[in-house]
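Read through the structure below, which is laid out as structure tokens, and then see the notes.
There are 2 protein chains.
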Amino acid sequence: MEKAFQDYYPDVLSYCYGCGRLNEKGLQIKSFWDGDETVARVLPRPEHIAVPGYVYGGLLASLIDCHGTGTAAATAYRAEGRPMDSSPPLRFLTASLHVDYLKPTPLGVVLEIRGRVKEVKDRKVTVEEWIVAEGEITVKGEVIAVQVPDSLLEKLVS
Amino acid sequence: MEKAFQDYYPDVLSYCYGCGRLNEKGLQIKSFWDGDETVARVLPRPEHIAVPGYVYGGLLASLIDCHGTGTAAATAYRAEGRPMDSSPPLRFLTASLHVDYLKPTPLGVVLEIRGRVKEVKDRKVTVEEWIVAEGEITVKGEVIAVQVPDSLLEKLVS
Numbered sequence: 023m024e025k026a027f028q029d030y031y032p033d034v035l036s037y038c039y040g041c042g043r044l045n046e047k048g049l050q051i052k053s054f055w056d057g058d059e060t061v062a063r064v065l066p067r068p069e070h071i072a073v074p075g076y077v078y079g080g081l082l083a084s085l086i087d088c089h090g091t092g093t094a095a096a097t098a099y100r101a102e103g104r105p106m107d108s109s110p111p112l113r114f115l116t117a118s119l120h121v122d123y124l125k126p127t128p129l130g131v132v133l134e135i136r137g138r139v140k141e142v143k144d145r146k147v148t149v150e151e152w153i154v155a156e157g158e159i160t161v162k163g164e165v166i167a168v169q170v171p172d173s174l175l176e177k178l179v180s
Numbered sequence: 023m024e025k026a027f028q029d030y031y032p033d034v035l036s037y038c039y040g041c042g043r044l045n046e047k048g049l050q051i052k053s054f055w056d057g058d059e060t061v062a063r064v065l066p067r068p069e070h071i072a073v074p075g076y077v078y079g080g081l082l083a084s085l086i087d088c089h090g091t092g093t094a095a096a097t098a099y100r101a102e103g104r105p106m107d108s109s110p111p112l113r114f115l116t117a118s119l120h121v122d123y124l125k126p127t128p129l130g131v132v133l134e135i136r137g138r139v140k141e142v143k144d145r146k147v148t149v150e151e152w153i154v155a156e157g158e159i160t161v162k163g164e165v166i167a168v169q170v171p172d173s174l175l176e177k178l179v180s
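These protein sequence lines map, in sequence, to chains W and C.
Numbering of the first sequence is given in the numbering used here, commencing with residue 23 and proceeding in unit increments.
Numbering of the second sequence is given in the numbering used here, commencing with residue 23 and proceeding in unit increments.
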């Protein structure tokens, strides 16, 4: 089975509530390449409700956030032409997040979160994203992700 | 004890994962007036981790989101000079959300989410917000909240 971007994160960086594979209570989102775009598929839980029948905005923002940092990391490895389990590890933190809620997102269906890199500049990657529910785009978003400084990353993984 | 904005929401609109008092698994945030600003205090759970020691960005976005729509609703009632438990109910949905992560937000301390209305225009309220942890502003955000159309609200609460 194809490994997701998040499956390559070092253990100590795998506890994120949104995308950490080791966070048992978290969302554990999994992001993959799909050509030049990235994709993650998530079925929100019943408790992720806003008003009856619809997903709450904070969850949608979380999906945009974690899929965005994952896309940024995968892009950085691809740019260096090396696999995601090679050293040194590259990880990204969110500097800013913008989400436009175009229409209510239905609860109870698998959501597809898609991403595309808009700009790479120094250690900063801008990712544009959109969420598709039942064939319709309900949310658009943008994440500016910044590569974690090597010194901080070393401190975390040591 | 002073009631929070969210304590006045009709039952059917009180299941939001972020701010619904009836969502047993949710965050149940409570927002109050503090002069012309609004404030909510939240202690994130241990699982709301990003990297060790810090809160994950999706939760911070959720807090900005729900405190923002709560602030918009409270502002609308205040503008009409009537209490939040009077009819008709006024509720707001998020049209857009912007979050700037200025510095890592520590996990394990109570966060203070503060809001201030920047603009009210027709049925749209823009709320600027910031999150304070241990006396420092770690996050700034902005929510554009739109009043739920009467027809949709009637459908939901009927």
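Note that beta-carbon positions come from the ideal geometry of N, C-alpha and C, so glycine has one too.
Take Thr60 (chain C), set aside five residues on each side of it, and the residues of its chain with a beta-carbon closer than 6 Å to its own are Ser53, Thr93, Gly137, in chain order. Taken in chain order, the unbroken stretches of alpha helix (DSSP H) that lie wholly in the segment 65 to 115 of chain W and span 4 residues or more are 79 to 102. Residue environment for Val139 (chain C): buried (at least 16 other C-beta atoms within 10 angstroms of its C-beta).
Excluding five sequence positions before and after Ser118 (chain C), the CB atoms of its chain that fall closer than 7 Å to its own CB belong to Ile166, given in chain order. With respect to chain W, the C-beta atom of His70 (chain C) has a partner C-beta closer than 8 Å.
Contact with chain W is absent for Tyr31 (chain C), since none of that chain's Cβ atoms lies less than 8 Å from the residue's Cβ. At a cut-off of 8 Å between beta carbons, Lys47 (chain C) contacts chain W. For Lys140 (chain C), the enclosing beta strand (DSSP E) has its first and last residue at 133 to 143. In terms of Cα proximity to Leu174 (chain C), the closest of C:Leu35, C:Glu158, C:Met106, C:Gln28 is C:Leu35.
DSSP, read as helix, strand or coil, puts Val149 (chain C) in strand. Counting of Cβ neighbours within 10 angstroms places Ser108 (chain W) among the exposed residues, the total staying below 16. Under the 8 Å criterion on CB atoms, Ala117 (chain C) is classed as interfacial with respect to chain W. Note on Glu164 (chain W): 16 or more other CB atoms within 10 angstroms of its CB, so buried under the neighbour-count rule. Taking the Cα positions, Ile86 (chain W) is about 35 Å away from Glu24 (chain C). Assigned with DSSP and collapsed to three states, Lys162 (chain W) falls in strand. At least one CB atom of chain W sits nearer than 8 Å to the CB of Pro74 (chain C).
Taking C-beta separations shorter than 8 Å and ignoring five residues to either side along the sequence, the partners of Lys47 (chain W) in its chain run Tyr39, following chain order. Nearest in C-alpha terms to Glu141 (chain W), of all of W:Val121, W:Gly90, W:Met106, W:Ile153, is W:Gly90. At a cut-off of 8 Å, the C-beta of His89 (chain W) has no neighbouring C-beta in chain C. Around the beta carbon of Glu102 (chain C), fewer than 16 other beta carbons lie within 10 angstroms, which makes this residue exposed. Around the beta carbon of Gly80 (chain C), 16 or more other beta carbons lie within 10 angstroms, which makes this residue buried.
Cα atoms of Val132 (chain C) and Arg67 (chain C): separation of roughly 10 Å, rounded to the nearest angstrom. Taking C-beta atoms as the reference points, Ile159 (chain W) and Leu82 (chain W) fail to come closer than 8 Å. For a Cβ distance threshold of 9 Å, residue set Val73, Pro74 of chain W lies close to Val34 (chain C), ordered along the chain. In the three-state scheme derived from DSSP, where H, G and I count as helix and E and B as strand, Glu46 (chain C) is classed as coil. Taking a beta-carbon distance threshold of 8 Å, Leu178 (chain C) counts as an interface residue toward chain W. Comparing alpha-carbon positions, the option among W:Tyr123, W:Val168, W:Lys146 lying closest to Val161 (chain W) turns out to be W:Tyr123. Nearest to Ala62 (chain C) by C-alpha distance, out of C:Ala26, C:His70, C:Asp33, is C:Ala26.
When 7 Å is used as the limit between beta carbons, Leu65 (chain C) is near no residue of chain W, the shortest such separation being about 15 Å.
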